[in-house]
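Below is one structure, written out as structure tokens; comments come after it.
Residue numbers (the numbering used here), protein chains in the order written: chain A, 1 to 99; chain B, 1 to 144.
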């Protein structure tokens, strides 16, 4: 019973992945709304893909998005990491003193 | 923690410079190839953690001790914020790309992005190492 449920779940997730990745298989591939109004031709992603090497000078589009288009976001990520390290250090120092 | 057998020690000692070089390559080439500061920093931290597993905590702290790791983490954060502030000082906006772009596809290109990648690489590597040291320190206290 559990195996059957697990198999069905895996198949469902696999089918979802396949349909999502493949743009020509409906219903998940290309949303009908995206075809209306030239959305596919004028999306933000396409604009960034075309402009990134010129506006940032970086050959890697991912790096230009991470550090130039969304620099605030990445600074926030670095802050989260800093806070995590501070929290771990603080927790283990308190535990050591108590023991 | 006493460390592992002589085979593991030898292999990890031979492997350490190559791992470190690979991590540095990922950080430095962040604006050219897939990768960047976060990923390269994790590889750099993994190189030291390999030494830690093979030689014990003393072997790893002979290379990078806990104080150095904490200082390097703060230094990485300072580089990030300082380069962000350079945008307001030299240019118009916070996090503006103010350095000259250079020619596309070379290592010295893309303005401030290599500096950001360098800072976050140091920060991630030292941060992960600091977490490891903190956890191992409390474990060593319990064994005594």
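Cβ coordinates follow ideal geometry from the N, Cα and C atoms, glycine included.
These figures come from a predicted structure and were not determined experimentally.
Q) If you count every other CB in all the chains shown that lies within 10 Å of the CB of residue 34 of chain B, and 16 or more means buried, which is it? A) Within the second chain, residue 34 of chain B is the residue found at index 34, counting from 1. Residue 34 of chain B should be labelled exposed.
Q. Name the chain B residues that come within less than 9 Å of residue 65 of chain A, Cβ to Cβ?
A. Taking the first chain and counting its residues from 1, one reaches residue 65 of chain A at position 65. Contact annotation for residue 65 of chain A against chain B: no contact, minimum CB-CB distance about 11 Å [criterion: below 9 Å].
Q | the segment 114-122 of chain B touching the segment 25-43 of chain B, judged by at least three CB pairs closer than 8 Å | A | A contact exists between the segment 114-122 of chain B and the segment 25-43 of chain B.
(Q) Mapping the DSSP letters down to three states, classify residue 97 of chain B as helix, strand or coil. (A) Your numbering for residue 97 of chain B matches position 97 in the second chain. It is coil, neither helix nor strand.
Q.
Quick check on this structure: which residue in B/96, B/72, B/52 has the alpha carbon closest to the alpha carbon of residue 83 of chain B?
A. The residue you call residue 83 of chain B lines up with position 83 of the second chain. Per the Cα distances, B/96.
Q) How long is the line joining the alpha carbons of residue 114 of chain B and residue 128 of chain B, rounded to whole angstroms? A) For this step, residue 114 of chain B is matched to residue 114 along the second chain. For this step, residue 128 of chain B is matched to residue 128 along the second chain. Going from the Cα of residue 114 of chain B to the Cα of residue 128 of chain B covers about 21 Å.
Q. Beta-carbon separation of residue 78 of chain A and residue 111 of chain B under 8 Å?
A. As a first step, residue 78 of chain A is located in the first chain; it is residue number 78 there, counting from the start. As a first step, residue 111 of chain B is located in the second chain; it is residue number 111 there, counting from the start. The Cβ-Cβ distance between residue 78 of chain A and residue 111 of chain B does not fall below 8 Å.
(Q) Is it the case that the segment 51-64 of chain B contacts the segment 35-43 of chain B, given that we only count it when at least three CB pairs across the two stretches are under 8 Å? (A) The segment 35-43 of chain B vs the segment 51-64 of chain B: no contact.
(Q) Assuming residue 125 of chain B and residue 66 of chain B are in contact, meaning their beta carbons sit under 8 Å apart, how far apart are those beta carbons, in whole angstroms? (A) Here residue 125 of chain B refers to the residue found at position 125 when the second chain is read from its first residue. Here residue 66 of chain B refers to the residue found at position 66 when the second chain is read from its first residue. Not really, about 14 Å apart at Cβ, beyond 8 Å.
**Q.** Inter-residue CB distance, residue 98 of chain B and residue 87 of chain B (contact presumed, cutoff 8 Å)
**A.** Translated into the one-based positions of the second chain, residue 98 of chain B becomes position 98. Translated into the one-based positions of the second chain, residue 87 of chain B becomes position 87. At roughly 6 Å, the Cβ-Cβ gap stays under 8 Å, so residue 98 of chain B and residue 87 of chain B are in contact.
(Q) Here's a check: name, in chain order, each residue in its chain whose Cβ is nearer than 8 Å to the Cβ of residue 62 of chain A, leaving out the five neighbours to either side. (A) Here the question's residue 62 of chain A lines up with position 62 in the first chain. Taken in chain order, the list of residues that qualify is empty.
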